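According to this note's numbering, the sequence shown is numbered sequentially starting from 6. All C-beta atoms in this analysis are idealised placements derived from N, C-alpha and C, irrespective of residue type, glycine included. Quantities reported herein were computed from a predicted structural model and do not represent experimental measurements. This report concerns only the one structure given below.
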Amino acid sequence: MTAALYTGRAMLRTAVLERGFPGGELLNTEYLDDVIGFPKILGYELAEKFAAHAKQFGAEFFETTGVTSVTKMDDGYFHTETDKAEIFRSPAVIVTAGGTPIKLGVPGELEYAGKGVSYCAICDAAFFKQQIVAVVGGGDAACEEADFLTRYATKVYLIHRRHEFRASTILQKHIFDNPKIEVIWDTIVERVDGDPQEGMKGLRLHNLVTNERKFLAANGLFIFIGFRPNTGVIAGHFDHDVMGYVLTDAAMMSSIPGLFIAGDLRAQLTRQVTTASGDATTAAIAADKYISRFKEMEREGSNEAVREALEASHISGGGYT
Ligand code: NAP
6 MTAALYTGRA MLRTAVLERG FPGGELLNTE YLDDVIGFPK ILGYELAEKF AAHAKQFGAE
66 FFETTGVTSV TKMDDGYFHT ETDKAEIFRS PAVIVTAGGT PIKLGVPGEL EYAGKGVSYC
126 AICDAAFFKQ QIVAVVGGGD AACEEADFLT RYATKVYLIH RRHEFRASTI LQKHIFDNPK
186 IEVIWDTIVE RVDGDPQEGM KGLRLHNLVT NERKFLAANG LFIFIGFRPN TGVIAGHFDH
246 DVMGYVLTDA AMMSSIPGLF IAGDLRAQLT RQVTTASGDA TTAAIAADKY ISRFKEMERE
306 GSNEAVREAL EASHISGGGY T
């Protein structure tokens, strides 16, 4: 929505292809307290403000259940096709499809998402001051975030389905050295319990070795069992890191000239609303410059020349500006 705001503001005709209500992971977040200028705001409220702001600059939103293909044609234009068989033709595409935390898939998980269940400790840890939380997972993310959560929570249970972490040794050491963390081995979460009005109250656990089942009282559950970038139809067509996140240059352009990437989909240190918004600002301004140059070249020469010039400019590192 930041990208749409900036391209709209640059007087470019902007089509936003969105699955359902705009907002993505914001809609899974109850409150945010780390967006500059908004000391505390509901996730959906911020999403509404973002969409309204983008529309104010002329962005047109098209609801779709999916994009079926993004194809770069011989004349340098992209054809983006949706499952409604609509084709959007544009010199540039900005992909901001984000990522999706892998879900546990247990009863109560979705019901209490944003009301106790979270997939982002940096976003939500501060809401669990002086409370008891549980973390699920045994990788780097679970260990790192369990340690982080102890800055706020009085007690953190780290629940892992085996008796050995796959996390790096240093992160495991932080876990074992932290008196606020108790590891619950060989155990899976079977359901999330709570009150629909008051939120999550605890977890039903199953020890896979002893076969014992018990209730664990906890105010929050942080799930870190992996995260997938939503590369969708463009997967495999660009340079990416080992985890599948798209590599870009400083102007947010992928290895495909004219295809820009912003937000959680991009290989980077952190995945926050503010950084996604920052990426998108850069991507939109870079896309505007790319399109100006593209149009100029199109007026001057053949389609082949347009393509060659843009590809050459990409290789020389942002020369299209
Ligand atoms: P991960 O390494 O794939 O670990 C996922 C963990 O979740 C595993 O311990 C796995 O158990 C467990 N798990 C998977 N499905 C489960 C289920 N349905 N129920 C219960 N447990 C389940 O994922 P990650 O920790 O998100 O890390 C992803 C990548 O990011 C890794 O390459 C990691 O090194 C990197 N990363 C690095 C850092 C860092 O270096 N500071 C921080 C975060 C992430 P099993 O072990 O039994 O398979």
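Quiz item: Quick one: Cα of Arg271 to Cα of Val197, how far?
Solution: 32 Å
Exercise. Take Thr286 and list the residues in its own chain whose beta-carbon comes closer than 7 Å to its own, dropping the five residues that flank it on each side.
Key: Thr7 and Tyr11
Quiz item: Are the CB atoms of Ile193 and Ile164 nearer to each other than 9 Å?
Solution: yes
Self-check item: Whole-angstrom distance between Ile127 and Glu91, CA atom to CA atom
Solution: 38 Å
Quiz item: In chain order, which continuous runs of the beta strand (DSSP E) of length 3 or greater are located wholly inside the stretch 72-133?
Solution: 72-77, 83-87, 92-95, 98-100 and 104-106
Quiz item: Distance, Cα to Cα, Lys60 vs Ala267?
Solution: 19 Å
Quiz item: For Glu5, is the classification buried or exposed, using 16 other Cβ atoms within 10 angstroms of its Cβ as the cut-off for buried?
Solution: It is not possible to answer for residue 5, since the shown part of the chain is limited to 6 through 326.
Quiz prompt | Simplified DSSP state of Ile186, which is helix, strand or coil | solution = strand
Quiz item: If you compare alpha carbons, which of Arg94, Glu23, Ala97 and Phe55 is closest to Glu68?
Solution: Glu23
Quiz item: Would the C-beta of Asp152 count as close to ligand 1, meaning under 8 Å from any of its heavy atoms?
Solution: no
Practice problem: Use the C-beta contact count for Ala281: other C-beta atoms within 10 angstroms, 16 or more gives buried, fewer gives exposed. | Solution: buried
Quiz item: Under 8 Å from any heavy atom of ligand 1, does the C-beta of Gly225 make it?
Solution: no
Quiz prompt | ligand 1 heavy atom lying under 8 Å from the CB of Val247 | solution = yes
Quiz prompt | CB-CB length for Ala130 against Leu109, believed under 8 Å | solution = Contact flag wrong, Cβ pair sits at about 19 Å.
Exercise. Indicate the three-state DSSP secondary structure (helix, strand or coil) for Ala151 in the structure shown.
Key: helix
Quiz item: How do the stretch 44-63 and the stretch 18-36 stand: do at least 3 beta-carbon pairs fall below 8 Å, yes or no?
Solution: yes
Quiz item: By the 10 Å Cβ neighbour count, where 16 or more other Cβ atoms means buried, how is Gly306 classified, buried or exposed?
Solution: exposed
Quiz item: Looking at the C-beta of His242, does it have a partner C-beta in chain B at a distance below 9 Å?
Solution: Absence of chain B from the displayed structure is noted, only one protein chain being present.
Quiz prompt | Residues that DSSP places opposite Lys219 in a beta bridge | solution = Leu210
Quiz item: When the Cα atoms are used, what is the spatial distance from Ala158 to Ala139?
Solution: 10 Å
Quiz item: Among Ile230, Gly263 and Glu65, which residue has its Cα nearest to the Cα of Pro27?
Solution: Glu65
Quiz item: If you measure from the CB of Arg304, is any heavy atom of ligand 1 nearer than 8 Å?
Solution: no
Quiz prompt | For Phe299, the three-state DSSP class (helix, strand or coil) | solution = helix
Practice problem: With DSSP as the reference, label Leu274 as helix, strand or coil. | Solution: coil
Practice problem: Tell me, please, which residues DSSP counts as bridged to Val141. | Solution: Ile164 and Ile228
Practice problem: Determine the direct distance from the alpha carbon of Leu208 to that of Phe181, and round the result to whole angstroms. | Solution: 23 Å
Quiz prompt | Extent of the continuous beta strand (DSSP E) run through Arg196 | solution = Thr192 to Asp200
Self-check item: Paired residues, beta bridge with Ala20 - DSSP
Solution: Glu65
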